[in-house]
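Chemist: Below you will find the structure I want to go over with you.
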Amino acid sequence: MPLSDGGSQISGYLIERRHKGGKWIRVNRTPCKDMKYTVLGLFEGNEYEFRVFAENIAGYSSPSPTSDLCKPCRPITAPGPPVNPKVKDYSKDTAYLVWTKPNKDGGSPILGYTVEMKKADTEDWQKVNLDDFIKHSAYTVKGLEEGERRTSSGSSPPT
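The opening residue of the sequence shown carries number 1 in full-length UniProt numbering; numbering runs sequentially from there.
What follows is the structure, given as structure tokens:
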């Protein structure tokens, strides 16, 4: 809110944007009532700055100070799950797992994978790779007990 309402209640706000150093363009057709507004129609990779005017019965205020530069980018979401996990080979105390990378990376490169396993008759999953993310879509699980049935789950962490 402005420090002064000019003697009349603020009825709304007008928002303008511009490309870095360019010409100011009005963003909203009618003044918004809230002190927040989602600006649509921006292009990824361009840099924008914004300013706001307050409106009351007498008209519009001078513009606010210019905002910091904003560079829109695609929103990043969690990736999809790894595809087609398989036990490719095994011995009495190891299992060699392989999988295919997720169909969707969430808008950011996959940083790595986490493998979890559980005994077949329990519900408790335990992380297998404790030190770091697995960088490739294969991993050898070590320290298995001969005769124990286990289930594994490969997942990709948030990026």
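In this text, a Cβ means the ideal position worked out from N, Cα and C, and glycines have one as well.
Quick caveat, the model's predicted, so the values are computed rather than measured.
Using the DSSP secondary-structure output, state which residues sit across from F50 in a beta bridge.
Modeler: Per DSSP, R17.
Chemist: Is the number of C-beta pairs between the stretch 98 to 108 and the stretch 55 to 70 that are closer than 8 angstroms three or more?
Modeler: Contact fails: fewer than three Cβ-Cβ distances are below 8 angstroms.
Chemist: What residues are listed by DSSP as bridge partners for V27?
Modeler: Beta-bridge pairing links V27 to no other residue.
Chemist: Per DSSP, T94 is paired with what?
Modeler: BP columns for T94 point to K142.
Chemist: From the DSSP output, in three-state form, read off I134 for me.
Modeler: If DSSP states are grouped into helix, strand and coil, I134 belongs with the strands.
Chemist: Does V115 pass the burial test, meaning 16 or more other C-beta atoms within 10 Å, or should it be called exposed?
Modeler: Counting Cβ neighbours within 10 Å, V115 comes out buried, since at least 16 surround it.
Chemist: Determine the DSSP secondary structure at G59, reduced to helix, strand or coil.
Modeler: Three-state result, G59: strand.
Chemist: Tell me whether S11 sits in a helix, a strand or coil according to DSSP, three-state version.
Modeler: DSSP places S11 in coil when its eight states are reduced to three.
Chemist: If you draw a straight line from the alpha carbon of D34 to that of V27, how long is it in whole angstroms?
Modeler: Roughly 14 angstroms separates the two Cα atoms.
Chemist: Does D89 come out as helix, strand or coil in the three-state DSSP assignment?
Modeler: DSSP places D89 in strand when its eight states are reduced to three.
Chemist: Does the Cβ-Cβ distance between K20 and E47 come in under 8 angstroms?
Modeler: In this structure, E47 lies closer than 8 angstroms to K20 by Cβ.
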